[in-house]
Amino acid sequence: MQLDTTTLQTALSRRGYKLTRQRRAVLDVMTLTDTRLTAADVFAKAQRACPDLGLTTVYRTLEILEQLGAIRRVHLDDGCEAFAPTAIEHGHYLICDNCRTTIEFEGCDLTAMLNRIAMQTGFTIEQHWLELVGRCPKCQKKK
């Protein structure tokens, strides 16, 4: 499903959900993002537009969006989860294992490796996420 507000409003309505101000704030955050966000990230951003938003509403709305196929759950190495629009086919991240700074980077020359993995496993690879974990320059200086 394409992640745009009109399509999501229609999908929510067809499933019997009301588009409350709180849900609208969460939808707005997720339709404007081009990266993965934790529920806490979504909560912080959406609360600016809707101060009475509750974290439970954020989780419930993200779950509904996931069921609709508009977003997907991404498991982080620290056991937490983030959510990303399904329109993003892949992402590449550098993650500091000390301060948790996350930097998204461009570039993808994984075609040969992905083809080899697909041949070896029989998988049809449709998307990928690459996370490289290490130490950021700031944390390296502290050591």
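Under our numbering, the first residue of the sequence shown is numbered 2, with each subsequent residue one higher. Beta carbons: idealized from backbone N, C-alpha and C, even for Gly.
Does DSSP put MET2 in a helix, in a strand, or in coil?
If you number the sequence shown from 1, residue 2 lands on position 1. For MET2, the predicted structure reports a pLDDT of 47, less than 50, and the residue's modelled location is therefore unreliable. A value from the coordinates is still provided. Coil at MET2, not helix or strand.
Extent of the continuous beta strand (DSSP E) run through ILE65:
What you label residue 65 is simply residue 64 of the sequence shown in a count that begins at 1. Where ILE65 is concerned, there is no enclosing beta strand (DSSP E), although the alpha helix (DSSP H) it sits in stretches over 56-68.
Residue range of the unbroken beta strand (DSSP E) whose run includes ILE126
Counting from 1 along the sequence shown, the entry for residue 126 is found at position 125. No beta strand (DSSP E) holds ILE126; DSSP gives it neither H nor E.
Span of the beta strand (DSSP E), counted from its first residue to its last, around PRO86:
Along the sequence shown, read from residue 1 onward, the residue named residue 86 stands at position 85. For PRO86, the uninterrupted beta strand (DSSP E) run begins and ends at 82-86, by DSSP.
Any contact between the region 8-25 and the region 41-54? By contact I mean 3 or more CB pairs, one from each, below 8 angstroms.
Contact between the region 8-25 and the region 41-54 is present, with at least three C-beta pairs closer than 8 angstroms.
Reducing DSSP to helix, strand and coil, say where THR103 ends up.
Taking the sequence shown and counting its residues from 1, the one referred to as residue 103 is at position 102. In the structure shown, THR103 falls within a strand segment according to DSSP collapsed to helix, strand and coil.
Report the partner residues of VAL75 according to the DSSP bridge assignment.
For the purposes of this step, residue 75 is taken as residue 74 along the sequence shown, with counting starting at 1. Bridge partners of VAL75: ALA83.
Beta-carbon proximity check, ALA40 vs TYR60, cutoff 8 angstroms:
Position 39 of the sequence shown, counting from 1, holds the residue named residue 40. Position 59 of the sequence shown, counting from 1, holds the residue named residue 60. Cβ distance < 8 angstroms, so ALA40 and TYR60 count as in contact.
Where does CYS140 fall in DSSP's three states?
Within the sequence shown, the letter at position 139 stands for residue 140. DSSP, read as helix, strand or coil, puts CYS140 in helix.
Given a cut-off of 8 angstroms, decide if GLY92 and ARG37 are closer than it, judged by their beta-carbon atoms.
As a position in the sequence shown, residue 37 is number 36, starting the count at 1. As a position in the sequence shown, residue 92 is number 91, starting the count at 1. Between ARG37 and GLY92, the CB-CB gap stays under 8 angstroms.
Can you have a look at MET114 and say buried or exposed, based on whether 16 or more other CB atoms are within 10 angstroms of its CB?
For the purposes of this step, residue 114 is taken as the residue at position 113 of the sequence shown. With fewer than 16 other beta carbons inside 10 angstroms of its own, MET114 counts as exposed.
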